[in-house]
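Per the numbering used here, residue 7 is the first one in the sequence shown, and the count goes up by one each step.
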Amino acid sequence: AATGIKNHGNTCYMNAVLQCLSHTDVIAEYFVLDHYKVDLQKRNKINSKKYGTRGEVTEQLAALLKALWACHYNADMSTTFKGAVERHGTQYRGNSQHDAQEFLFWLLDKVHEDLNTATKKKYKTIKNTCGKPDEVVAAETLANHARRNSSFVQAVFQAQYRSALTCAKCERTSCTFDPFHCVSVQLPSRQATVQPSPLPVNVVYVNQQPRQ
7 AATGIKNHGN
17 TCYMNAVLQC
27 LSHTDVIAEY
37 FVLDHYKVDL
47 QKRNKINSKK
57 YGTRGEVTEQ
67 LAALLKALWA
77 CHYNADMSTT
87 FKGAVERHGT
97 QYRGNSQHDA
107 QEFLFWLLDK
117 VHEDLNTATK
127 KKYKTIKNTC
137 GKPDEVVAAE
147 TLANHARRNS
157 SFVQAVFQAQ
167 YRSALTCAKC
177 ERTSCTFDPF
187 HCVSVQLPSR
197 QATVQPSPLP
207 VNVVYVNQQP
217 RQ
């Protein structure tokens with residue numbers, strides 16, 4: 007049975023994000039079955055302390071998702087989760103309204119840093135990409151990014167933008183790839199009289215099987 011989450015004074019933005027995460031199977035499985043605890047043990051404690059929450063928000067998120075799936079949820083659990091969020095994100099203190107997407111970004115970032123197992127601190131310089139296949143450049147960029155960022159959050163949510171720059175003189179094209187977690191698209195208004203143009207998106211999986 008579906009379980010709701012109590013609104014603790016304009017926390018609908020938070021509840022919407024939690025329900026979406028709870029009903030994403032790969033995320034629910036990771037937290038409900040305690041797979042996250044393995045990564046917490048292996049995490050980079052310096053990153054977790056400096057950029058994350060020392061595992062507090064991650065632990066409270068896991069406890070809340072478990073309760074929702076076991077139908078054992080009570081209002082105290084979401085109060086405890088909100089308290090952990092407020093301790094590490096002062097902007098969420100009180101009962102003000104917030105943007106759900108911004109909270110999702112904040113939450114994913116904190117959980118990522120709590121679970122980040124990467125030990126390298128510096129990026130390697132990517133050499134000239136001219137003439138290289140996109141798959142090679144994408145793989146090199148992804149490996150470079152993983153030197154500092156390696157977590158469950160990165161594995162599930164991260165993708166890369168492809169940008170191409172062509173020299174006007176020699177006509178050589180250089181491609182770069184930049185990581186991102188979310189793509190924002192504009193929704194057409196109901197008053198729009200012009201039929202919106204389709205947005206073409208090419209999805210390329212690099213050494214990974216597509217998730218259904």
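Where is the CB? At the ideal position from N, CA and C, for every residue including glycine. Everything numeric in this text was worked out from a predicted model, so none of it was measured.
Check whether residue i and residue j have beta carbons under 8 Å apart
{"i": "Thr123", "j": "Asn50", "result": "yes"}
{"i": "His187", "j": "Ser157", "result": "no"}
{"i": "Val159", "j": "Leu121", "result": "yes"}
{"i": "His14", "j": "Ser84", "result": "yes"}
{"i": "Thr30", "j": "Tyr79", "result": "no"}
Residue i classed as buried or exposed, judged by whether at least 16 other C-beta atoms fall within 10 angstroms
{"i": "Thr59", "result": "buried"}
{"i": "Ser190", "result": "exposed"}
{"i": "Thr64", "result": "buried"}
{"i": "Thr147", "result": "buried"}
{"i": "Lys175", "result": "exposed"}
{"i": "Asp184", "result": "exposed"}
{"i": "Gln215", "result": "Its pLDDT being 49, under 50, Gln215 is placed unreliably in this model, and the value from its coordinates should be taken loosely. So Gln215 ends up on the exposed side."}
{"i": "Lys116", "result": "buried"}
{"i": "Gln97", "result": "exposed"}
{"i": "Pro204", "result": "exposed"}
{"i": "Ile52", "result": "exposed"}
{"i": "Val91", "result": "buried"}
{"i": "Arg217", "result": "The predicted position of Arg217 is uncertain, since its pLDDT is 44 and thus under 50; no value can be drawn from it."}
{"i": "Leu193", "result": "exposed"}
Straight-line Cα distance separating residue j from residue i
{"i": "Arg93", "j": "Ala106", "result": "18 Å"}
{"i": "Gly100", "j": "Leu70", "result": "20 Å"}
{"i": "Ala34", "j": "Leu27", "result": "7 Å"}
{"i": "Ala73", "j": "Arg168", "result": "40 Å"}
{"i": "Cys181", "j": "Gly89", "result": "44 Å"}
{"i": "Leu46", "j": "Ala68", "result": "12 Å"}
{"i": "Ala4", "j": "Asp140", "result": "Limits of the chain in this structure are 7 at one end and 218 at the other, which puts residue 4 out of reach."}
{"i": "Arg178", "j": "Ala170", "result": "10 Å"}
{"i": "Lys55", "j": "Asn155", "result": "15 Å"}
For residue i: DSSP bridge partner residues
{"i": "Ser180", "result": "Leu171"}
{"i": "Phe186", "result": "Ala165"}
Nearest-angstrom Cβ-Cβ length linking residue i and residue j, presumed shorter than 8 Å
{"i": "Phe87", "j": "Gln66", "result": "5 Å"}
{"i": "Tyr19", "j": "Phe109", "result": "6 Å"}
Test: residue i CB closer than 8 Å to a CB of chain C
{"i": "Leu39", "result": "Protein chains in the displayed structure number just one, and chain C is not present."}
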